[in-house]
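To keep things clear, I will list the structure first and then write my remarks on it.
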Amino acid sequence: MSDLVSVIIAVYNVEKYLKRCLKSVINQTYKNIEIVLVDDGSKDSSGKICDEYKEKYENVVVTHKKNGGLASARNAGLELAKGEYVCFIDSDDWLEENYVEVLYNKIKENKSQVVRCEFYKNNKKEQKIETEGTDKETKYNKEQIRENLIPEILLGKRMCYTWALMIKKDVAKKIKFDESKLLLEDTCFFLNLLLHIENIILIPNPLYHYYENTNSLTRSAKKIEKNMYHLLEINEYIQKELKKVNLDEYCKITDKTYFVIIINHILKFYRANYSNKDIEKCIKKINKNEQFRKMCNRIDKSEVKAQYKIALKLLEKGNYKLLLLVWKVIYILKG
2 MSDLVSVIIA VYNVEKYLKR CLKSVINQTY KNIEIVLVDD GSKDSSGKIC
52 DEYKEKYENV VVTHKKNGGL ASARNAGLEL AKGEYVCFID SDDWLEENYV
102 EVLYNKIKEN KSQVVRCEFY KNNKKEQKIE TEGTDKETKY NKEQIRENLI
152 PEILLGKRMC YTWALMIKKD VAKKIKFDES KLLLEDTCFF LNLLLHIENI
202 ILIPNPLYHY YENTNSLTRS AKKIEKNMYH LLEINEYIQK ELKKVNLDEY
252 CKITDKTYFV IIINHILKFY RANYSNKDIE KCIKKINKNE QFRKMCNRID
302 KSEVKAQYKI ALKLLEKGNY KLLLLVWKVI YILKG
């Protein structure tokens, strides 16, 4: 008999999209599914929709909890899940009807702990397939994960996400989501997962629909500034986990990657119509941050692109006006 698969969906204020998501899970070709809905303190009708589906379908499990964030909701779902395998689905996304069947068959055939597929990126205007070079089915053992897959992720060549995955539940429960991280929970979880599994299989099939809700993308400059400090924390977290498993040599990669992400927040400030004066104030503030300065000092300038080499030198000299001028030109060129 086929194994029970638990599909865990964290729900928070998604009344507009939730039924689309649930319909795609209900209609899966693989039928031995448990649907675990975790209402994370929704203020709209999302919680009511969850209860309606529980009444209508025997395989739907619902819990309502005080708002604690995505990581907290997913962990609550893990505790409720009874399946041998688990999938995490974002509540505004949806699945191809054979999503669970294909992932389950692949994970069983290859005796893997984790399987990951490609996905479609959707918004109101278009749908396109997102690929990361997975043009054929590829299985990684523990050594290959550490030598090939982890560096690709740290360099930003592959995305970190927990949707579009199927994971053995006992493995997922050992890792869990770090509830102290309110940004990039998927990054922390997926990298931690890779550091502790024996194998993973990547398949080229696009079976997941990721919905990019452009209306919900933040334009708040305060939010952008806050994210810069969260990214510093994430870098420290990843380096700590890498050192635990004796992968210290990869720490220099994370320094470079997160410096690039943080400094590119200047472009986000411009998109949010922040003034040069206020952007300069934010950059000056983070440049005085001890964690940020240590990160900058650890970066080998010969290993970064010219624009970031310039940024490192200008930050070191405290020449913020010239730094913003350079990034203003980049912003204009990028349109």
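Residue numbering for the sequence shown follows this note's numbering, starting at 2 and increasing by one per position.
Just so it is clear, CB atoms sit at the ideal spot from N, CA and C, and this is done for glycine as well.
- For residue 166, the uninterrupted beta strand (DSSP E) segment begins and ends at 166-169.
- Minimum Cα-Cα distance from residue 88 among the listed residues 128, 212, 208 and 16 corresponds to 208.
- Secondary structure of residue 253 (DSSP, three-state): helix.
- Put simply, the backbone Cα of residue 184 is about 13 Å away from that of residue 259.
- Cβ-Cβ distances below 8 Å link residue 52 to 63 in the same chain, with the five nearest sequence neighbours on each side left out; the list follows chain order.
- Under the three-state reduction of DSSP output, residue 211 falls in the strand class.
- Take residue 11, set aside five residues on each side of it, and the residues of its chain with a beta-carbon closer than 7 Å to its own are 39, 41, 71, 74, 75, 78 and 92, in chain order.
- Membership of residue 47 in the alpha helix (DSSP H) is indicated by the continuous run 47-57.
- Taking all protein chains shown into account, residue 307 has fewer than 16 neighbouring C-beta atoms within 10 Å of its C-beta and is therefore exposed.
- In the DSSP assignment, residue 63 is bridged to 38.
- Annotation for residue 121: the continuous beta strand (DSSP E) segment containing it runs 115-123.
- Burial is judged here by how many other beta carbons sit within 10 angstroms of a residue's own beta carbon; residue 279 has fewer than 16 and is exposed.
- The alpha carbon of residue 31 has as its nearest neighbour, out of 104, 48 and 190, the alpha carbon of 104.
- Just so you know, the alpha carbons of residue 81 and residue 115 end up roughly 20 Å apart.
- DSSP places residue 190 inside the alpha helix (DSSP H), whose first and last residues are 186-197.
- In this structure, DSSP gives residue 276 a state outside helix and strand, which the three-state scheme calls coil.
- The criterion of a C-beta distance shorter than 8 Å is not satisfied by residue 8 and residue 108.
- Looking from the CA of residue 213, the closest CA among 122, 188, 194 and 158 belongs to 122.
- The three-state secondary structure of residue 18, taken from DSSP, is coil.
- Assignment of residue 107 by DSSP, reduced to helix, strand and coil, places it in the helix class.
- With respect to the C-alpha of residue 173, the residue from 195, 288 and 94 having the closest C-alpha is 195.
- Nearest to residue 327 by C-alpha distance, out of 240, 176, 267 and 261, is 267.
- Within its own chain, the residues whose Cβ lies closer than 7 Å to the Cβ of residue 100, once the five positions on either side in sequence are excluded, are 29, 208 and 209, listed in chain order.
- Under the three-state reduction of DSSP, residue 140 is assigned to strand.
- The C-beta separation of residue 236 from residue 256 comes to about 7 Å, placing the pair in contact by the 8 Å criterion.
- Counting C-beta pairs closer than 8 Å gives three or more between the stretch 136-153 and the stretch 190-205, which meets the contact rule.
- Contact check for residue 193 against residue 242 passes: the beta carbons are separated by less than 8 Å.
- Taken through DSSP and simplified to helix, strand or coil, residue 295 comes out as helix.
- Per DSSP, residue 162 lies in no alpha helix (DSSP H) and is assigned neither H nor E.
- Around the beta carbon of residue 117, 16 or more other beta carbons lie within 10 angstroms, which makes this residue buried.
- When DSSP reads this structure, residue 179 sits in no beta bridge, so it has no partner.
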